Every structure is written in structure tokens, then in C-alpha cells.
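Participant:
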Amino acid sequence: MTETPRIPRASRMGMWLFLFTEILLFGGLFLVYAVYRRANPEAFHIASGELSLRFGAINTVILLTSSLTMALAVSAFERGLVGRCLRFLAGTAGLGLIFLGNKAVEWSAKFAHGLYPGNPILEARPAGEKLFFSLYFAMTGLHGVHVLVGVVVLAVTAVLAGRSARADAARVHEKYGGVVENSGLYWHLVDTIWIFLFPLFYLIS
Amino acid sequence: MSEPGRAPAGASERGLVALWAALLALTALTIYVSRLNIGHWRAVCALAIAATKSALVVAVFMRLKDEDRAFTAMLGVALFTMATILGLTFVDVAFR
Amino acid sequence: MSAESATRGYLDAPGGARGLRSWIFSTDHKRIGVLYLWSTMFFFGAGTIFGFLMRLELIAPGRTIMKAQTYNAMFTLHGVIMIFLVVIPAIPASLGNFFLPLQLGARDVAFPRVNRLSWWIYATGALLAFFAMFAGGHPPDTGWTFYVPYSVRTDTNVTLAVLAALVLGFSSILTGLNFITTVHVLRSPKMKWMKMPLFSWSIYATAWVQVLATPIIAVTLLLIVLERVANLGLFDPVRGGDPLLYQHLFWIYSHPAVYIMIIPAMGIISEVIPAFSGKKVYGYNAIVVSTLAIAFAGYLVWGHHMFTSGMSDTARWVFSFLTFIVAVPSGVKVFNWVATLYKGAIDISAPLLYALGFIFLFSIGGLTGLVNGALATNIQVHDTYFVVAHFHYVMFGGTGFAIFAGLLYWFPKMTGKMYRPFPAIIAFILMFAGFNILYFPMFILGWMGMPRRYYDYPKGFTSLQELSTVGSWFLVAGIILLAVTLIRGLRHGTPASANPWNARGLEWRTSSPPPTENFDELPDPTIEEPVR
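Residue numbers (the numbering used here), protein chains in the order written: chain A, 7 to 211; chain B, 4 to 99; chain C, 113 to 644.
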């Protein structure tokens with residue numbers, strides 16, 4: 007059980023700086039949300055009732071758990087337990103996929119009820135509710151894209167690192183340390199964004 | 004390129020699981036609070052709990068507490084920028 | 113660290129100077145900087161051609177050489193190209209890339225492969241912009257500001273143009289985070305923060321703005337795409353949307369963006385003025401503080417682009433007040449540069465002339481910014497030629513002239529050759545005269561009521577418009593002469609020594625051009641080399 011040093015400070019700093027850009031990116035959308043919610047408190051309240059709290063809560067739990075598995079993956083990697091790390095990485099990716107699956111179900115339900123921009127059913131509702139749904143799709147959509155990217159990166163890393171470990175265990179740390187730790191940072195940030203999205207969309211009814 | 008003398012850092016596996024449990028508890032709390040009839044405090048509580056959860060994720064899962072102060076300062080700059088943007092926009096929107 | 117170097121340093125890297133692959137796949141910050149230099153200068157030429165044609169159209173009222181729709185597309189493309197493809201990346205990604213590691217005594221930036229990626233992303237954005245211009249024959253006609261609702265409704269290639277800008281923004285972000293990390297982690301161990309060269313400080317401050325402001329434009333442009341493609345309606349008043357919110361989001365980035373443009377330019381001036389005054393810069397600490405102050409305050413003033421748009425009165429006076437405050441640090445710098453010149457051993461050479469031109473032109477631009485920033489006068493001048501003149505004075509007279517100053521100053525270091533000084537000085541005279549003849553009349557035209565982005569105008573404005581167009585001819589002649597001079601220097605110039613200007617800075621302690629690893633031995637910044 008060899009202990010490996012953390013990836014260089016420069017690499018961590020660069021990743022954190024990139025994460026700040028993600029914070030600002032979503033921040034712009036949170037700004038739009040804040041402005042429109044202030045202007046349409048009742049409508050947001052009503053529209054939020056259309057969302058399924060159960061799905062939202064389950065997805066929150068899934069994402070928080072995936073953060074745990076991700077942190078455990080990084081921890082295992084640093085303790086030299088490559089196999090354990092890869093299993094946790096796969097688990098994280100899997101949870102991410104389930105999250106996306108739930109999202110897809112939720113979205114389909116909305117589409118089925120005509121609650122999407124441009125649809126006559128939504129058009130008939132007050133302006134605030136239209137804004138709520140546009141924001142809902144834009145923000146959970148952008149978030150979902152980020153989850154998907156994360157899932158792909160984690161899955162590919164798990165596969166490639168797994169192969170590399172079988173071939174040459176010693177070099178795995180050198181080659182994959184950066185990706186593992188930095189994808190961990192990325193994944194936690196994606197989770198953090200959901201931590202804010204959840205109450206703002208699901209808990210205001 | 005590693006920092007000599009720095010322990011493998013991060014919490015133990017137990018610590019990580021404990022944090023996860025805390026996050027789940029906070030999630031339950033925020034759902035509970037959202038059902039109370041406390042007017043505009045609902046939003047304040049929701050944001051406060053979300054901020055707490057995020058702070059825990061950032062500090063422990065993302066290991067900010069183990070980094071040197073430059074990282075925390077940088078995060079501060081980013082959050083301050085976001086707050087400024089929100090604040091100044093509301094100087095317009097709130098006074099129309 | 114030889115005085116005269118027969119080798120061609122990084123230019124002689126494997127693959128040689130000619131192999132295209134060796135440039136495009138290089139991770140050497142110097143080569144990437146040169147790639148960016150050629151790219152941004154190429155687009156500067158393209159943007160200038162659009163400007164030149166626009167001025168030809170405006171030489172007389174009514175139709176001169178193009179129809180109105182074409183004119184609308186031209187000013188849009190002129191803006192998009194100049195802002196996103198030229199002025200924002202020009203200094204940081206080219207001169208910044210080349211000289212930041214050298215000035216810091218480092219061998220490269222923190223993330224050389226990310227650096228290479230950022231240029232590839234820039235090239236991709238440029239390609240997308242090209243498609244936006246020509247695909248389907250419907251170049252965007254919204255102005256570079258893409259205001260809603262027109263940008264959502266217009267039947268032109270807005271989606272493509274906006275995606276191009278988005279991609280270019282991503283390139284800017286990667287450059288920014290690379291430079292921040294480089295300054296923190298790769299700075300020479302003996303170089304304390306308050307001993308860092310002023311150009312490096314300016315690149316560092318700019319990098320923060322690149323990282324923290326650019327994502328906002330990314331999400332804003334993404335929303336435009338979603339509005340057009342998915343009918344999101346977030347800015348549609350009929351559906352409760354607020355078009356003003358778009359303007360806020362747009363300017364929350366685009367105002368800091370002008371500081372991305374000017375801060376590195378000021379960094380160049382802070383290098384050139386002392387080098388040609390034979391002195392250290394006056395008030396180093398004040399310049400550092402004012403650099404950071406400008407970067408910070410740049411976030412607080414965006415509303416001054418929106419005074420007539422319908423914002424609350426409170427917002428208007430708050431933003432106006434903050435705008436006046438941001439003028440102070442810029443004034444501090446101008447004072448310090450002039451104080452550096454005072455009683456200095458002045459060497460009148462081309463780089464210094466452009467730097468002096470910067471001080472004059474930027475000051476005019478800055479002072480007219482105050483006219484724009486005051487609420488009462490803003491109502492008179494908003495959306496007129498006055499604004500057009502103001503921003504050309506600061507962005508072109510400012511950043512543009514600084515780019516030329518920096519190019520002329522660092523040319524021998526980058527190429528190992530010297531250009532002929534006399535034509536460079538003539539080019540300056542042509543450009544300086546042409547610039548003022550082109551843009552100064554616009555202040556008058558604007559004050560008289562000539563709106564910007566208008567294809568036609570009443571006959572009373574003709575003589576000033578004519579004068580302005582003639583000015584553009586001198587300016588373009590100067591630009592061409594400068595380009596020819598530099599290219600000739602590149603091809604046939606006399607070999608340059610390591611420190612032809614006797615300047616301070618670690619970049620002058622290595623050969624011209626530097627070797628790929630930058631220094632044979634990493635220099636000690638605490639050893640002061642004598643100047644003249």
C-alpha cells in the first residue's frame with residue numbers, strides 16, 4: 007500500500023481556476039433566475055409545484071452519493087489502491103448515468119404535459135410560469151450536459167487506467183493522478199451546482 | 004513536484020462517509036424547512052443550507068481546507084465577483 | 113547569453129522555422145505567441161479592410177459603394193473581428209505568451225499543452241466566424257453587441273457568429289488560467305511580487321479578468337442560441353422576459369473586456385517608456401496598485417453602456433459615480449509615465465513614438481469617456497459618433513498603438529533581427545496624423561447628432577465625413593508601411609544583439625532570439641544590470 011504524493015500544486019491551481027469559470031457560467035443563469043423570480047414570485051411558486059419533489063430529492067441523494075464515491079476513489083488512488091479507485095470511479099459514473107436517466111424521465115413528463123417553451127399549453131399560462139420553465143430547462147439542461155461530460159471522462163479514465171494498471175501498475179499514478187484528482191474536483195463542483203438548483207426549482211412551491 | 008512533508012491529506016474513508024451522512028441530513032432538513040410556513044425566510048433558509056452543504060463539499064471533498072491560503076483567497080475573489088454582479092444588477096432591477 | 117547570437121534559438125527547434133507542423137503542434141510558448149501574433153495581425157488586416165470600406169461608403173451621403181444591408185453586415189463584422197479576434201487576444205496571447213515566462217525567469221508557462229489547445233480553439237473560433245460571414249450569404253447585421261430582440265429575430269447567421277464568439281471566449285479563459293498559474297507557481301524563486309516587471313503584472317491582472325468575466329458572455333451568447341433555436345423566450349417581453357437583462361449580461365462581460373484590452377497595453381507602455389528614458393519607471397508601486405484597481409473597478413461600471421436603455425435612476429447614478437472613480441487609477445498611470453520621461457535621457461525611436469502616441473490618444477479617449485460617463489451629457493452623445501470616436505481613441509489609439517509599440521520594442525528579441533528605424537518612424541507619423549484626422553471629426557459629428565451605425569446622413573455632415581474618410585487613407589497607408597517594414601526586417605534585417613535597447617528585464621538577458629528553453633542558465637533577478 008504505497009502512498010502517492012498529490013498532483014503538483016500548479017495542476018490543482020489550474021483546475022480550481024477552471025472551476026471558477028464554471029461558477030461564473032452558472033452564475034449568469036442564477037442571475038437571470040434571481041431577477042425573474044423577484045419579479046414573478048407567485049408564478050414561480052405555482053410552476054414549481056409542477057416539478058416532482060420525489061425525483062428532485064432522489065437525484066439530489068444520487069449526486070451527493072456520487073460525490074462520496076468520487077472522494078473515495080481519489081482517496082483510494084492516493085493510498086495506492088488502484089483497483090479500489092477504479093471501482094469507485096465506475097460507481098460514480100454509474101450514479102451519474104442514473105441521475106441523467108431520471109432527468110430524462112422528468113423532462114419527458116414535462117414534454118408530455120406540454121410544459122415546454124412554445125407549446126400552447128405553456129403559452130396559455132402566466133408569463134412568470136413560462137420564464138420558470140425556460141429557466142428550468144436551460145439550467146438543468148446545462149447542468150446535465152456537465153454531468154454527461156463528467157460521466158464520459160470518468161468512464162474513459164476508469165477503462166484506460168484499468169488497462170494501464172494491468173500492464174504497468176507503477177506508472178498508473180504518474181499517468182492518471184492528474185486526471186483522477188482533477189475530475190474529482192470537477193465532479194464535486196457539478197454536485198455543488200445541483201445543491202443550489204434543487205431548492206431553487208423544487209422547493210419553492 | 005510533490006510537497007514534502009504533506010500527509011496524503013483528505014479525510015479518512017470514515018470521515019468522508021460521515022460527511023456524506025451530514026449532507027443527506029442537511030438535504031432532509033432543507034426539504035422539511037421548505038414546507039414550513041415562514042414566508043420569505045424559506046428562501047433565506049434554503050440558500051443558507053445550500054451554502055452550508057456547498058461549503059462542506061468544497062472544504063472536505065474538494066480538500067480546500069488542505070490547500071494553502073492562495074486557493075481560498077482565489078475562491079473568495081471569484082465569489083466576490085459573482086456577488087458584485089448580482090448586487091449591481093439588482094441596483095437596477097430593484098429600483099425600477 | 114551571448115551578445116551576438118548566430119543561432120536562431122527557438123526558431124531552430126526541430127522542424128525548423130518553416131515546417132508548418134512544427135509551429136501548429138508546438139507547445140513552446142514563444143512559438144504559440146508567434147502563431148497568435150500572425151493570426152491576430154491577419155484579422156487586424158481583415159477588420160481594417162471592413163473599416164476602410166465602411167469609410168468609403170460614408171464619404172458621401174446616400175449609396176456610394178454598397179447597399180444598406182451590406183453596410184450593416186460590415187459594421188457588425190468589423191466589430192466582431194476587431195474585438196473578439198484581434199484586440200482581446202492580441203496582447204495577452206501573443207506578446208504575453210512570448211514574454212511572460214521570459215520576464216519571470218521561467219522556461220515556459222505552467223500548462224504548455226493547454227496553451228497549444230488555446231490556440232487551436234482560437235483557430236476554430238476564427239473558422240466559425242468565417243462561416244458566419246459567408247455561409248448562406250447572410251452575415252449577421254445586429255452589430256457586435258447582438259442586442260435582443262433583433263438578434264433573436266433576424267434571419268442572418270447570428271447563431272454561427274455567436275458560437276464563434278463563445279468558442280473564442282473559451283480560448284481566452286484557457287490563456288487566462290494558464291497565466292495566473294504561471295505567475296504563482298513558475299516565477300523565479302527570487303522574484304518577489306513587488307519586483308515583478310510591470311508588463312507581467314498587467315498580464316496577471318488581465319488573466320483574472322479573462323477568467324472571471326468571460327464565462328458571463330459565454331452563458332449570455334448561449335442564451336441567444338437557445339432563444340433562436342429552442343424558442344426559450346427568456347428575453348421576450350411578451351412572455352415576461354426583460355430585454356434589458358440581456359444588456360446587463362452582455363455588458364457585465366463586455367465592459368471588463370475593454371480592460372482585458374487596455375491593461376496589457378498599459379503594461380507595454382510601462383516597459384517602453386522607462387527603456388527609452390534611460391530610467392526606472394516612476395512610482396512602480398503606484399502602477400501595480402492602479403493596475404489591480406483598474407481590473408477590479410472594471411467590474412463595477414458596466415451600466416454606463418445602458419444609461420438610455422431604461423434602467424432605474426438609482427442604477428444610473430450609481431454606475432455613473434463608479435465610472436468616474438475608475439478614471440482615477442488610469443490618470444495615476446499617465447502621471448507616472450510622464451514623470452518617468454521627465455529629465456530622462458530620451459531616445460526618440462519608433463517604439464517610444466508609439467508609446468507617446470498612446471499617452472496622447474489614450475488621454476483623449478479617457479477624457480471623452482468622462483463625457484460619456486456623466487448622465488446629462490450621455491443623453492446627448494449615446495449612440496452617436498461621439499461614442500465611436502471615444503472607443504476608437506482608447507481601443508485603437510490606446511491598445512492598437514501599444515501593440516505596435518510592443519512589437520517594435522520586442523521585435524529584435526523575437527526575431528533576432530532589426531527593422532529599419534526610419535520607415536517605422538514615417539509609419540508612425542502617417543498613422544498618428546491619419547488616426548486623428550479619421551477620428552477627431554467624429555467627436556464633432558457625434559455632438560452635432562450624427563448617429564452611429566447609420567448608413568446615410570443629412571448633407572450638412574458631408575464635409576466632416578469626407579475629412580474622416582481621407583484620414584482613414586493616411587492611417588491605412590501608415591499601417592501598410594509598418595507591416596512592410598516589419599516583414600522586411602524579418603527577412604533581411606541586420607542581426608540584433610541580446611539587448612539592443614539597453615533595457616531592464618530578464619528577457620534581455622538571453623539571446624535574440626531566445627533558445628527554446630529560454631535561458632541557458634536561469635537568471636538571477638536580484639542582480640541589477642546597469643542601464644546606460
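Ideal placement from N, C-alpha and C gives every residue a C-beta, glycine not left out. If you're wondering where the values come from, they're calculated on a predicted model, not measured in any experiment.
Where does C:S609 fall in DSSP's three states?
Facilitator: Three-state DSSP puts C:S609 in a strand.
Participant: Return the residue from the list C:K571, C:L473 and C:Y394 that minimises the CA-CA distance to C:R175.
Facilitator: Here the closest residue by C-alpha is C:K571.
Participant: Just the C-alpha distance for B:A81 and C:I541, rounded to the nearest angstrom, thanks.
Facilitator: Spanning the two alpha carbons is a distance of roughly 44 Å.
Participant: Within this structure, are the beta carbons of C:I399 and C:V444 separated by less than 9 Å?
Facilitator: Contact flag set, yes.
Participant: Drop a sphere of 10 angstroms on the beta-carbon of B:W44, count the other beta-carbons inside from all chains shown, and report buried for 16 or more, exposed for fewer.
Facilitator: That one is exposed.
Participant: Any C-beta of chain B sitting closer than 9 Å to the C-beta of A:F26?
Facilitator: By this cut-off, A:F26 is an interface position.
Participant: Are C:G208 and C:W313 close, meaning C-beta to C-beta below 9 Å?
Facilitator: Against a cut-off of 9 Å, the Cβ pair of C:W313 and C:G208 comes out as no contact.
Participant: Please name the residues in the segment 257-288 of chain C whose beta-carbon is closer than 7 Å to at least one beta-carbon of chain A, in chain order.
Facilitator: Against chain A - using a Cβ distance shorter than 7 Å - the residues of the segment 257-288 of chain C are I285.
Participant: Establish whether the CB of B:T84 and some CB of chain C are separated by less than 9 Å.
Facilitator: Yes, contact with chain C.
Participant: If you draw a straight line from the alpha carbon of C:I639 to that of C:I200, how long is it in whole angstroms?
Facilitator: Their backbone Cα atoms lie some 35 Å apart in a straight line.
Participant: Let me know if C:I652 comes out buried or exposed under the rule of 16 or more other beta-carbons within 10 Å of its beta-carbon.
Facilitator: Nothing in the structure corresponds to residue 652 of chain C, since chain C is present only between 113 and 644.
Participant: Can you list the residues of chain B that C:I364 reaches, using a CB-CB cut of under 7 Å?
Facilitator: Chain B residues near C:I364: I88.
Participant: Whether or not the segment 451-468 of chain C and the segment 477-484 of chain C are in contact is what I'm after, with contact meaning three or more pairs of Cβ atoms, one per stretch, closer than 8 Å; do they touch?
Facilitator: Contact fails: fewer than three Cβ-Cβ distances are below 8 Å.
Participant: Where does C:R351 land, buried or exposed, given buried means 16+ other C-beta within 10 angstroms?
Facilitator: Buried is the call here.
Participant: Where does the unbroken alpha helix (DSSP H) through C:L298 begin, and where does it stop?
Facilitator: Looking at the DSSP string, C:L298 is not in any alpha helix (DSSP H), and its letter there is neither H nor E.
Participant: Per DSSP, what kind of secondary structure is A:T27 in: helix, strand or coil?
Facilitator: Here A:T27 sits in helix by DSSP.
Participant: Hey, is B:T92's beta-carbon within less than 9 Å of any beta-carbon in chain C?
Facilitator: B:T92 counts as touching chain C.
Participant: Within 10 angstroms of its Cβ, does A:N46 collect 16 or more other Cβ (buried), or is it exposed?
Facilitator: Counting Cβ neighbours within 10 Å, A:N46 comes out buried, since at least 16 surround it.
Participant: Taking all protein chains shown into account, do 16 or more other C-beta atoms lie within 10 angstroms of the C-beta of A:R44, making it buried, or fewer, making it exposed?
Facilitator: Classification for A:R44: exposed.
Participant: Between B:F74 and chain A, is the shortest Cβ-Cβ distance under 9 Å, so that the two count as touching?
Facilitator: True, the Cβ-Cβ gap to chain A drops below 9 Å.
Participant: Please identify the residue among C:A277, C:V493, C:G159 and C:Q181 whose C-alpha is closest to the C-alpha of C:T420.
Facilitator: It is C:V493 whose Cα lies nearest to the Cα of C:T420.
Participant: Quick check on A:G156 - is its C-beta less than 9 Å from some C-beta in chain B?
Facilitator: No, because no Cβ of chain B sits closer than 9 Å to the Cβ of A:G156.
Participant: Would you mind sorting C:P650 into buried or exposed? The rule is 16 or more other CB atoms within 10 Å of its CB.
Facilitator: With chain C running from 113 to 644 in the structure shown, residue 650 of chain C is simply not present.
Participant: From the DSSP output, read off the bridge partner residues of C:M530.
Facilitator: Beta-bridge pairing links C:M530 to C:T606.
Participant: Exposed or buried, B:V28, counting other C-beta atoms within 10 Å across all chains shown (16 or more means buried)?
Facilitator: A quick correction: the sequence has Ala, not Val, at residue 28 of chain B. With fewer than 16 Cβ atoms within 10 Å of its Cβ, B:A28 is classed as exposed.
Participant: Please classify B:L39 as buried or exposed, where buried requires at least 16 other C-beta atoms within 10 Å of its C-beta.
Facilitator: Flag for B:L39 reads exposed.
Participant: In chain B, which residues lie with their C-beta within 9 Å of the C-beta of C:V430?
Facilitator: What C:V430 touches in chain B: L91, V94 and D95.
Participant: Between the beta-carbon of C:L212 and the beta-carbon of C:F156, is there less than 9 Å?
Facilitator: Not in contact: C:L212 and C:F156 (Cβ atoms no closer than 9 Å).
Participant: I want to see whether chain A comes within less than 9 Å of B:F98, judged by CB atoms only; does it?
Facilitator: Judged by the 9 Å Cβ criterion, B:F98 is not in contact with chain A.
Participant: Opposite C:P563 in the DSSP bridges: which residues?
Facilitator: C:P563 is bridged to C:T496.
Participant: Of all Cβ atoms in chain C, is any one closer than 9 Å to the Cβ of B:V80?
Facilitator: B:V80 counts as touching chain C.
Participant: Can a CB atom of chain D be found closer than 9 Å to the CB of C:H417?
Facilitator: The question asks about chain D, but that chain is absent: this structure's protein chains are A, B and C.
Participant: Here's a check: name, in chain order, each residue in its chain whose Cβ is nearer than 7 Å to the Cβ of C:P368, leaving out the five neighbours to either side.
Facilitator: Counting only Cβ-Cβ distances below 7 Å, and skipping sequence neighbours, we find V321, A325, G410 and Y411.
Participant: When burial is assigned at 16 or more other CB atoms within 10 Å of the CB, is C:K455 buried or exposed?
Facilitator: Exposed, because fewer than 16 other Cβ atoms sit within 10 Å of the Cβ of C:K455.
Participant: Do you know how far the Cα of A:E129 is from the Cα of C:L357?
Facilitator: The straight-line gap from Cα to Cα measures roughly 21 Å.
Participant: Write down every uninterrupted run of the alpha helix (DSSP H) in the segment 197-242 of chain C whose length is 4 residues or greater and which is fully enclosed by it, in chain order.
Facilitator: Listed in chain order, they are 209-216.
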